[in-house]
Amino acid sequence: MVRQQENLSKPRVRFEWIDALRGFTLFHMVVYHMLWDLTHLFGVAIPWFGTTISYIWQQAICWTFLLISGFCFSLGHHPLQRGLLISGGGMLIMLVTFFATPESRVVFGILTCIGLCMLLMIPLEKLLRCVPVWCGLPLSAALFVLTRNIPKRGTLGFESWDLIALPESLRSGGYGMMLLGFRNPEIHSTDYFPLLPWFFLFSTGYWLYRLVQPQLYQTKTACRWLAPLCMLGRHTFVIYLVHQPVIYGMLWVVLWLFSLG
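My numbering numbers the first residue of the sequence shown as 22 and each following residue consecutively.
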């Protein structure tokens with residue numbers, strides 16, 4: 022009931038600066054995946070790809086997507102339908118890559134993660150509304166930092182900083198444990214975003230919305246020159262679903278033409 026009253030009190034406003042930021046991030050993701058395809062699928066040598074610089078670039082793209090998704094959770098009016106749609110799209114990618122490209126399959130990719138985070142937030146939001154922003158925001162950010170290494174290294178910690186090593190037995194389970202964040206080394210995935218730590222980054226975005234909510238509806242719309250990015254941002258889900266086969270096909274044609282020359 023609280024959520025219904027809140028939605029009725031909010032005007033249906035589309036914030037163009039959010040669309041522009043999402044579109045900007047999507048553009049970078051497409052470029053990154055194009056370079057990934059060139060190096061891993063077509064064997065083109067790109068010396069700097071795979072270095073620390075490209076890793077930071079890739080992480081910035083992922084972090085921005087999760088933060089924006091969490092920020093926009095409270096702006097949506099149909100979180101259940103949206104969560105089911107996005108997580109379903111992620112599962113579709115998982116199934117397609119499992120059969121079409123098993124050597125580079127996606128198991129619990131970023132779409133699945135975002136969709137499940139939305140679904141988890143629906144029952145949790147009633148509890149979170151009882152928590153003040155000054156407590157929820159730093160706590161979510163701290164939990165993300167603390168759990169960042171769980172899927173990568175099986176430890177509590179952030180990147181090269183390891184605080185506590187978790188029991189190795191947690192990483193020997195199946196897909197259920199892998200969804201939580203305890204990755205079985207025998208299950209390969211080229212795009213892996215489990216609930217731990219990424220739900221805490223999603224919730225950090227949720228708290229950022231709560232922080233700026235009083236001033237949010239006073240912000241100006243984006244500039245006209247950002248219209249192309251806004252258009253990309255409004256169609257992120259569809260573009261994400263189709264961009265990899267489109268990129269692969271375009272690269273195949275271009276490299277084939279170059280080979281003829």
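Positions of the beta carbon are idealized from the N, C-alpha and C atoms, including for glycine.
A quick note: this is a predicted structure, and the numbers were derived from the prediction, not measured.
>> Just to confirm before moving on: does the CB-CB distance between Phe179 and Arg192 stay below 8 Å?
In response: For the purposes of this step, residue 179 is taken as residue 158 along the sequence shown, with counting starting at 1. For the purposes of this step, residue 192 is taken as residue 171 along the sequence shown, with counting starting at 1. No; because the gap between Cβ atoms is not below 8 Å, this pair is not in contact.
> What are the residues that DSSP puts in a beta bridge with Trp182?
Replying inline: Locating residue 182 in the sequence shown gives position 161, where the first residue counts as 1. The secondary-structure analysis by DSSP pairs Trp182 across a beta bridge with Phe179.
> Which one of Thr72, Phe63, Ile114 and Ala41 has the shortest CA to CA distance from His264?
Replying inline: Indexing the sequence shown from 1 puts residue 264 at position 243. In this structure, Ile114 is the residue among Thr72, Phe63, Ile114 and Ala41 with its C-alpha nearest to the C-alpha of His264.
> With 16 other CB atoms within 10 Å as the buried threshold, where does Ala41 fall?
Replying inline: Stepping through the sequence shown from its first residue, residue 41 is reached at position 20. Counting Cβ neighbours within 10 Å, Ala41 comes out buried, since at least 16 surround it.
> How far does the alpha helix (DSSP H) with Ser161 in it reach, from first residue to last?
Replying inline: Counting from one through the sequence shown, the residue named residue 161 turns up at place 140. Run containing Ser161: Val154 to Thr168, per the alpha helix (DSSP H) assignment.
>> Please classify Cys151 as buried or exposed, where buried requires at least 16 other C-beta atoms within 10 Å of its C-beta.
In response: Taking the sequence shown and counting its residues from 1, the one referred to as residue 151 is at position 130. Cys151 is exposed by the Cβ-count criterion.
>> Tell me the residue span of the alpha helix (DSSP H) that contains Ile143.
In response: Within the sequence shown, the letter at position 122 stands for residue 143. From DSSP, the alpha helix (DSSP H) with Ile143 extends over Ile131 to Leu149.
>> Could you compute how far the alpha carbon of Met199 sits from the alpha carbon of Pro153?
In response: For this step, residue 199 is matched to residue 178 along the sequence shown. For this step, residue 153 is matched to residue 132 along the sequence shown. Each residue's alpha carbon lies about 32 Å from the other.
> With Phe165 and Leu101 assumed to form a contact (beta carbons below 8 Å), what rounded beta-carbon distance in angstroms separates them?
Replying inline: Mapped onto the sequence shown, residue 165 falls at position 144. Mapped onto the sequence shown, residue 101 falls at position 80. With a Cβ gap of about 25 Å, Phe165 and Leu101 do not count as contacting.
> Looking only at C-alpha atoms, which of Leu201, Gly136 and Pro266 sits nearest to Thr118?
Replying inline: Here residue 118 is taken as the residue at index 97 of the sequence shown, counted from 1. When only C-alpha atoms are compared, the closest one is Pro266.
> How big is the Cα-Cα spacing for Phe214 and Leu132?
Replying inline: In the sequence shown, counting from the first residue as 1, residue 214 sits at position 193. In the sequence shown, counting from the first residue as 1, residue 132 sits at position 111. Answer to the nearest angstrom: the Cα atoms are 9 Å apart.
> Between the region 183-190 and the region 81-96, are three or more C-beta pairs nearer than 8 Å?
Replying inline: Not touching, per the Cβ criterion.
>> Comparing C-alpha positions only, which one of Leu87, Val52, Ala66 and Tyr53 sits nearest to Phe220?
In response: By 1-based counting over the sequence shown, the position of residue 220 is 199. Minimum Cα distance to Phe220 is reached at Leu87.
> So Ser108 packs on Gly136, CB below 8 Å; how close in whole Å?
Replying inline: Against the sequence shown, residue 108 aligns to sequence position 87. Against the sequence shown, residue 136 aligns to sequence position 115. Rounded, the Cβ-Cβ distance is 3 Å, consistent with contact.
> Could you give the distance in angstroms between the alpha-carbon of Val51 and the alpha-carbon of Tyr261?
Replying inline: On the sequence shown, position 30 is the one that residue 51 refers to. On the sequence shown, position 240 is the one that residue 261 refers to. The alpha-carbon of Val51 is positioned some 8 Å away from that of Tyr261.
> Apart from the five residues just before and just after Asp212, which ones in its own chain have a Cβ nearer than 6 Å to its Cβ?
Replying inline: Residue mapping note: residue 212 aligns to position 191 of the sequence shown, counting from 1. In its chain, beyond the 5 residues on either side, Val127 and Gly130 have a beta carbon closer than 6 Å to the beta carbon of Asp212.
> Is it the case that the Cβ atoms of Ser125 and Trp228 are separated by a distance below 8 Å?
Replying inline: For the purposes of this step, residue 125 is taken as residue 104 along the sequence shown, with counting starting at 1. For the purposes of this step, residue 228 is taken as residue 207 along the sequence shown, with counting starting at 1. Not in contact: Ser125 and Trp228 (Cβ atoms no closer than 8 Å).
> Smallest Cα separation from Gly44: which of Leu276, Leu106, Val275 and Pro249?
Replying inline: Taking the sequence shown and counting its residues from 1, the one referred to as residue 44 is at position 23. Taking each of Leu276, Leu106, Val275 and Pro249 in turn and checking the Cα distance to Gly44, the smallest one comes out for Pro249.
> Which whole-angstrom value is the C-beta distance of Leu276 and Phe63, which I expect to be below 8 Å?
Replying inline: Here residue 276 refers to the residue found at position 255 of the sequence shown. Here residue 63 refers to the residue found at position 42 of the sequence shown. Contact holds; Cβ gap of about 6 Å.
> Does the Cβ-Cβ distance between Thr46 and Ile82 come in under 8 Å?
Replying inline: As a position in the sequence shown, residue 46 is number 25, starting the count at 1. As a position in the sequence shown, residue 82 is number 61, starting the count at 1. In contact: Thr46 and Ile82 (Cβ atoms closer than 8 Å).
> So, helix, strand or coil for His98, using DSSP?
Replying inline: In the sequence shown, residue 98 corresponds to position 77, counting from 1. Assigned with DSSP and collapsed to three states, His98 falls in coil, not helix or strand.
> Apart from the five residues just before and just after Arg174, which ones in its own chain have a Cβ nearer than 8 Å to its Cβ?
Replying inline: Taking the first residue of the sequence shown as 1, we reach residue 174 at position 153. So the qualifying residues of the chain are Asp183.
> Start and end of the alpha helix (DSSP H) containing Val127?
Replying inline: The residue you call residue 127 lines up with position 106 of the sequence shown. Counting along the chain, Val127 falls outside any alpha helix (DSSP H), and DSSP gives it neither H nor E.
>> Less than 8 Å between the beta carbons of Ile171 and Phe203, yes or no?
In response: In the sequence shown, the residue the question calls residue 171 occupies position 150. In the sequence shown, the residue the question calls residue 203 occupies position 182. The answer is yes: Cβ separation under 8 Å.
> Which word fits Trp57, buried or exposed, when buried means at least 16 other C-beta atoms lie within 10 angstroms of its C-beta?
Replying inline: Stepping through the sequence shown from its first residue, residue 57 is reached at position 36. With 16 or more other CB atoms across the displayed protein chains lying within 10 angstroms of its CB, Trp57 is buried.
>> Less than 8 Å between C-beta atoms, sequence neighbours within five positions excluded: which residues of the same chain meet that for Thr176?
In response: Residue 176 sits at position 155 when you count from the first residue of the sequence shown. Excluding positions up to five away in sequence, the list reads Asn170, Asp183, Leu184, Ile185, Ala186 and Leu187.
> In terms of residues, what are the limits of the alpha helix (DSSP H) holding Leu59?
Replying inline: Your numbering for residue 59 matches position 38 in the sequence shown. Start and end: Glu37 to His61.
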